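Chemist: Supplied in structure tokens, the structure appears directly below.
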Amino acid sequence: MSRLTTLFTGLSLALLSASTEVRRAGNNYAATCQEIAATVSSASKVYYAGSPQYTKDNEHWTVSSSQASACSFEPATPQDVGIALQILAKDQTPFAVSVLALLAYDLRLTSGCLQG
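Take the sequence shown: its letters are residues -19 to -1, 1 to 97, numbered as in mature numbering (1 follows the signal peptide of the UniProt record, and there is no 0).
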């Protein structure tokens, strides 16, 4: 696996579909997950609640948040990362990137740019 792929492994889309507040706002984050899954390469994976990988990807996230994510995304290519980010921006979907992945590769965010 490439460094970039591993970095974004566990990209947890903080998709708050279980939240009453979100339901009132009319957001459908599950549809965003499905759009990402249908658009990215077949090498990338989207996991949903109930799957072992979803649980693993969300382990730290759920400890620090009262809201569960709608899915987790493990991109296989930098292009898939870009595709997912475009979909998230288009749908104005909140998301989170696993901090553990950043720490594992001593990467840092500087002026909005990811550096390694």
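Cβ coordinates follow ideal geometry from the N, Cα and C atoms, glycine included. Since the structure is predicted, the reported quantities are computational estimates derived from the model, not experimental observations.
#1: Are the Cβ atoms of Ala65 and Pro59 separated by less than 8 angstroms?
#2: Below 8 angstroms on the Cβ atoms is my contact criterion, and I expect Ile17 with Phe76 to pass it. Report the Cβ-Cβ distance as a whole number of Å.
#3: Work out the CA separation of Thr13 and Tyr35 for me, nearest whole Å.
#4: Quick one: what does DSSP say Val62 is sitting in, helix, strand or coil?
#5: Apart from the five residues on each side of it in sequence, which residues of its chain come closer than 6 angstroms, Cβ to Cβ, to Val21?
#6: Within 10 angstroms of the Cβ of Ser23, are there 16 or more other Cβ atoms? Answer buried if so, exposed if not.
#7: Taking buried to mean at least 16 other C-beta atoms within 10 Å of its own C-beta, is Leu(-4) buried or exposed?
#8: For Ala70, does the count of other Cβ atoms within 10 angstroms reach 16, so buried, or fall short, so exposed?
#9: What residue ranges within the stretch 9 to 43 form continuous beta strand (DSSP E) runs of no fewer than 3 residues, ordered along the chain?
Modeler: The answer reads as follows:
#1: Working through the sequence shown from its first residue, we reach residue 65 at position 84. Working through the sequence shown from its first residue, we reach residue 59 at position 78. Going by beta carbons, Ala65 and Pro59 fall outside the 8 angstroms limit.
#2: Position 36 of the sequence shown, counted from the first residue, corresponds to residue 17. Position 95 of the sequence shown, counted from the first residue, corresponds to residue 76. The pair is not a contact, with the Cβ atoms about 10 angstroms apart (cut-off 8 angstroms).
#3: On the sequence shown, position 54 is the one that residue 35 refers to. On the sequence shown, position 32 is the one that residue 13 refers to. Tyr35 and Thr13: Cα-Cα distance of roughly 16 angstroms.
#4: The sequence position of residue 62 within the sequence shown is 81, counting from 1. Val62: helix per DSSP, three-state reduction.
#5: Along the sequence shown, read from residue 1 onward, the residue named residue 21 stands at position 40. The residues are Asp61 and Ile64.
#6: Residue mapping note: residue 23 aligns to position 42 of the sequence shown, counting from 1. Label assigned to Ser23: exposed.
#7: As a working note, residue -4 is residue 16 in the sequence shown. The predicted model places Leu(-4) with a pLDDT of 41, which falls under 50 and marks its position as unreliable; any figure quoted below should be read in that light. With 16 or more other Cβ atoms within 10 Å, it is buried.
#8: As a position in the sequence shown, residue 70 is number 89, starting the count at 1. Classification for Ala70: exposed.
#9: Within the stretch 9 to 43, the complete beta strand (DSSP E) segments at least 3 residues long are 26 to 29, listed from N- to C-terminus.
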